[in-house]
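Residue numbers (my numbering), protein chains in the order written: chain B, 26 to 90; chain S, 69 to 240; chain A, -13 to 943; chain U, 162 to 219.
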C-alpha cells in the first residue's frame, strides 16, 4: 500500500486559513492528508506544539501564516 | 511577510520555526518535515500549491522515524526529552529573551535568526535534551557509551561532558 | 436572509402589499394589506405534517413550475420565516369548505382558517423600494419556441434543475424524454437588446449567469458539449473577465458570436440556424436550448409608482438622477434591480447606499424606535456541569453530504469521549435548525457544542449567538470545517474526505472539552471618520457621513478637490458632470461636520475599528487625529498606453483628452473629418489585465457628441465587445443609427496606429470583409482604461489585501462589496474597481452607510479572544510586553512585584505573548495551551483517545 | 415641525430589500420589511450558486 503521510497544519485565521477557505470556494483540490488546527496568528505558535505533533506521530507539520 | 493581520506576529513565528528546526536536528528528525510558509487570504491557489508540494515531499520522505533510521521507541524517548525542554522555564526564558533581542535589533533575515539561535539557543537545546536523556538512561543501569550515543544521537564529547557534570552534581 | 429573520429590529410582513402612502418625508403613513397565511408562524414548528397530508396539489412556483407542491407548504426548507402557509387559491377548505385534514394533523394547532386579511397602518420616516425585477414579455420567449418545444428552457428553470434540492435533485434531464442532453446551447439576449419586444436595453447580468450555469452543467454532466451564442460578451464587472476566460478554458465551451433568430424542432432535437460574422450560414442540432432571459421592470411598477408618487423611466424602471442615484423623490429611495438591471454586488451596494440615504434623512430619529436584543442570563447550573459535548454534523445540502459520509461521521462522533449527543442537520445555519439546536441544548443538557459544517470564519458568530440565546456562553462552541477545507477540496475522494472529516471532528471535540466561558467586551468608538481621497467617491462618502451626523476628516493629496471627475466633461446620461462636481465641492467645503485637508497625505494609521489614530501630513506640518472608521477612496489613474504612437503624435488622444477638446464645442473639433476610436487600448489583457468597464459607454458618448457637433464627421470604433450594459445600450443603438461604424477585432488582431506620410492611419482587420483595412484618421482616440495605483500606500498602511490587478479587495465579492478584510475600513470609487460616475456615487453612499454603523452604535464588541495574565504565575520578566505587536501589555507594580497586565481593548488575540511566556502564565481566550495541545493529541492516532476516556471519567468522578 | 419617525418601510424582500433592512437595523432604525410572497429571499434564494466564485448564495 502506498504511504499516506499524516500532516498537521497550523493555519493563521487571517491568512492561510482564509486562503484554504477560498481554495474551497473555488473548488481547487489538494491531497487529503492534512488536518487543520486554526490559530489566530502564527505568533501563537509555541515550539512545544510542533514537538507534541511529532510526539503523536505526525509525519509532517505545516505552519501557514 | 509583513502583511500579517497582526503586524509582527509572523516575524516571531520565524524565530519559533528556526528554534523548532534546531530541536528537530537534535532529536534526529529530518528538519524538512517541518515547514512554515505564507499565503494571504486571497491566495487560495498558493495555499494549494504549498500544501500539495509539502505533502509530496513528505510522501517521498516516508513515515516518521523510518526514513530517519530510528525505531519509534528511540524517537519517542528523544521526543519526550524535547517535550520537557519546551516546558522548561529556564529554556523558555532564554527563548523568549532571544526573540525579544531579535525584535529590538529588527533584523529578521534568515541568516541573522539562524546565527543568533546557533549561538544562544542551540547549546542549550542540545545540553538540556541530552542531559535529560542520559539521566533517564543511567537510571536504568550502567550503559556502554555506544548505546548512549545510539539512543541520544549526541557526540561522544557531549556525552562525556554531560556525564562529568552529572557526576559532580551527584557528589554535591 | 437568516440574519434578517433574527434581527429584533426587522419585522417581516409576508403576503403583504402596500396599499397607499400619505404624509411627508420624515413622517409617512403607509397602509399595508397583509393576506392571511392561515398558519400561525409563532406556533408552527415547521414539522411539515400539514404538507405531507395535504391532498391538494399546486404548481411549485419556487421551482419555476417544474414540479408540484401542495396547497399547504413552505417554499423551501430554509425559508424565512421558517413557517408553513396555505395557498388560498388552491386550498380545498378555503375554496370548497371541505377537507380540514391539515388542522387535524397539526400537532401545535397552528392552523387557523378564520384568519382574515389585515390592514396595518404603519408610521414610517422613509421608504426604500426594492421590488426587484420582472419577467420578459411572453413573445420574447415564444419566438424561440419556448412553451412549444419542451426542450427549450429558461435560465431560471435550469437553475432549479441543477439544484440538488430542486425537482430532479440536481439531475440534468430534458423535459421531452427525460434523457441526458449531450449538446446544449445557450442563447443570450432573450428579452434584452431586442427592440421588437420593447426591451432595447441590456440586462447586464445574463452573460455572467450563463457562464455560471454552463460551468455547473458541465460539473453535473461532464460529457455534455456546450455552445454559447453571444452578440457581445459583457463581463465587465470586477474580476468577471478573468472568471469568464477561465471557465471557457477549463470546460472547453464554444463561444459563438451570433444572434440566433429562432429555434426549430427536428426529430426530437432542436435546430439552430445562425450566421457568423464572416457571413457564413450554419445549421446545428442541439438537445437542449437554454434561453438566457433578461431582466425587466417589476410587474406592477406603474401601480407602485402611482402609490408612491415616483417617476419611471421609459422602460418602467425607477427614474433617478446620476447625482443622486438612489433617490426616487425626497424620502423615497430605490435599490436593486428596480433601479435598472444589475447583479448581486451592485444591488447589495445600492441597498447599503439607500440605508445611508435614509439615515441622512432620519439622523435625528436614530435609535428612537429601536428594540435592543436581549439574551437570557447564562444557565449557571448547566455551565457548571461536567463537560457534555453535543456534535452537529451538517449536510449543507449536498455540499458536504455529497462527498462526506455524514452519517458515519455522526456515528463516529457519538463514540468520542465527552460526547453525549450527535446528530445530522440538513442546513445547520438555517433558522429552523438554529431553533432546534437550542432545543437540543436544553433537552440533552449540552454545555459544549461542536458544529461540523463550514468555516468558522463565516459562521462562528451565528452559532455563538445561538448559544447565547440558549443561555450558554458564546465561547463554548467549536467548529470543524468539513466543507470549505474538506468536501469542497476532496470531492474526488469521498473515502478520504470522510476520514478527514472524522479526524477534524475528533480534534474539535477534544478542543471543545477544554473550552471555557469567556466574557464579551465592549469598546467605545470615536464618533468620527477619516475619508481618504477627495474625488467624487470620497466627497460623496464624506457628505453622507456628515449628513448622518458625524464628524469627517477628508484628506486630498492634490491642492483641489475633485479627482478624476474634474476631467469628465459629459455624461452618457446627459447630466452635466461639472455641475455635479461643483455642487459636491461647495457642499463639502461648507459642511460644518467636514474638515478638509488639501495637499495632504496620510502618513500613518494605527489602532483598530472604533479607535484609529492617524497622522496626516499637511503643508504646515503634521496633524494627529482620532477617528472610529476609515473610508478609502483613493481613486485610480487614466492608463497611459505605451503603444499606438500615444504621446508621439498630437493626433492621438485618450478619450478624456478628446472630451476636453469637445467641451470647447465645434471649435475644439476643428476640421476633423474622420475619427477612429480604439477600445481596450490597454485593457483586457494588453497592458491592464482587467476590463475597465466604463470605456465603451465613454466612447459611444463621445462619438455621439462628435456627431452632434459635426454630423458629417465620420466615426469608426474598433472594439472587442461593446460593453454598453444596462441603459447605456440605448446610446450604442443611437450611435449605430447615426452612422458611427463599429468594427470588431480579435485580441490576436489588435488594430495598429501607423504614420503614413504626413498622416496617421489605423490598420485593422475587418471581420465582415475578412481582410485587413487601413483607415486614414484626423484623430485617433484611445480608450485607455483605468489603471489602479498598485503601490497604494494606504492599502499598505492598513494592510488590506489587493486584487492581482491592484484594486482594493472587498471582504466578500457579493455580499460585502464595500468592506475589506480589516474591520472598520470601507472602500468606494475607482480604487475598488473601474466604474462610471453613477455607480461610484452609489458605492460612496454604501461605504458611508456601512462606516456609520459602528459610529451609530457607539461601541464595538471585542471578540473574546484576548489574552489574560494569571498573576500568581507571572514572574514579571516582561518578555510578553516587549514582544506584543500592539503594545497591549504593560508592566505594573502589584504588591511590590512586577506583573504583566493586558489592555483588553488593544489586544487582538494574536497570542505572541502566550507562546513566549516562560511560565505559561498567559492564557489566550479560546486558544489556550491546553486546548491546542489536546487538539494535537487528538490528531494523534486514535489509541490516545481511549486513555483520554478513562482520564475524563476520573475527572468526572 | 412634527417629530420624525425612526421607523422605515422597505418594500420587497429580495437581496436588495434584505440588505437595506439589515443595514438600517444596524444604523438604529426599526424596519418593516414588506414582501408580497410568503417568504423573503426573492430570486437570489432560487440560485444555487453565484458567478464568479460559484459560492452558495444567501
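Built from N, CA and C at the ideal position, the CB exists for glycine as well.
Against chain A, the beta carbon of residue 80/S has neighbours under 8 Å at 869, 898, 901 and 902, listed in chain order.
Taking 8 Å as the cut-off, the Cβ atoms of residue 461/A and residue 118/A do not count as close. Nearest to residue 842/A by alpha-carbon distance, out of -8/A, 223/A, 770/A and 349/A, is 349/A. Within the DSSP secondary-structure output, residue 257/A pairs in a beta bridge with 250/A and 271/A. Non-local beta-carbon contacts of residue 871/A in its own chain, meaning distances under 7 Å to residues more than five positions away in sequence, involve 896 and 898 in chain order. For residue 76/B, a Cβ of chain S is located within less than 8 Å of the residue's own Cβ. For the segment 431 to 458 of chain A, the set of positions with a beta-carbon nearer than 9 Å to some beta-carbon of chain B reads 440, 441, 442, 443 and 444 in chain order. Under a 10 Å Cβ-count criterion, residue 140/S is classified as exposed, with fewer than 16 other Cβ atoms of the shown protein chains found around its own Cβ.
Residue state for residue 217/S is assigned as helix, using DSSP reduced to three classes.
Chain-order list of chain A residues neighbouring residue 98/S: empty, with the shortest C-beta distance near 19 Å, by a criterion of under 7 Å. Per DSSP, residue 205/A lies in no beta strand (DSSP E) segment; the continuous alpha helix (DSSP H) that holds it begins and ends at 192 to 206.
Where residue 450/A is concerned, the enclosing alpha helix (DSSP H) starts and stops at 442 to 455. Per DSSP, reduced to three states, the secondary structure at residue 550/A is helical. Annotation for residue 144/A: the continuous alpha helix (DSSP H) segment containing it runs 141 to 148.
With respect to chain B, the C-beta atom of residue 157/S has no partner C-beta closer than 8 Å. Cβ-Cβ separation between residue 269/A and residue 257/A: approximately 6 Å, consistent with a contact (criterion under 8 Å). Among the residues of the segment 124 to 143 of chain S, those with a Cβ less than 7 Å away from any Cβ of chain B are 126, 127, 130, 131 and 132, in the order of the chain. Rounded to whole angstroms, residue 8/A and residue 662/A show a C-alpha spacing of 54 Å.
Of the residues 169/U, 185/U and 190/U, the one whose Cα lies closest to the Cα of residue 356/A is 190/U. Within the segment 170 to 181 of chain S, those residues whose Cβ lies closer than 8 Å to any Cβ of chain A are, in chain order, 171 and 172. Residue 529/A is not bridged by DSSP to any residue. Taken through DSSP and simplified to helix, strand or coil, residue 185/A comes out as strand. Residue-level contact by beta carbon holds for residue 168/S and chain A, with a gap shorter than 8 Å. Residue environment: residue 274/A is assigned as buried (16 or more neighbouring CB atoms within 10 Å of its CB, all protein chains considered). In the DSSP assignment, residue 855/A falls within the unbroken beta strand (DSSP E) covering 853 to 855. Per DSSP, residue 681/A is one residue of the alpha helix (DSSP H) stretching across 681 to 695.
If the five residues before and after residue 888/A are omitted, its C-beta is found closer than 7 Å to the C-beta atoms of 852, 853, 854, 855, 874 and 875, all from its own chain and listed in chain order. Residue 787/A has a beta carbon lying within less than 8 Å of a beta carbon in chain S.
At a cut-off of 3 residues, the continuous stretches assigned as beta strand (DSSP E) that sit fully inside the segment 575 to 642 of chain A are 580 to 583, 587 to 594, 597 to 604, 607 to 613, 615 to 618 and 638 to 640. For residue 105/A and residue 536/A, the gap between their C-alpha atoms comes out near 38 Å. Nearest in C-alpha terms to residue 192/S, of all of 170/S, 218/S, 157/S and 205/S, is 157/S. Only residues of its own chain outside the window of five on either side were considered, and among them 188, 189 and 192 have a CB closer than 8 Å to the CB of residue 162/S, listed in chain order. Contacts with chain B at 8 Å (Cβ-Cβ) do not include residue 93/S. For the segment 830 to 841 of chain A, the beta-carbon criterion of a distance under 8 Å to any beta-carbon of chain U is satisfied by 835, 836, 838 and 839.
Proximity of residue 926/A to chain B, defined by a Cβ-Cβ separation below 8 Å, is satisfied. Following the DSSP letters along the chain, one finds residue 887/A in no alpha helix (DSSP H) but inside the beta strand (DSSP E) bounded by residues 883 to 888.
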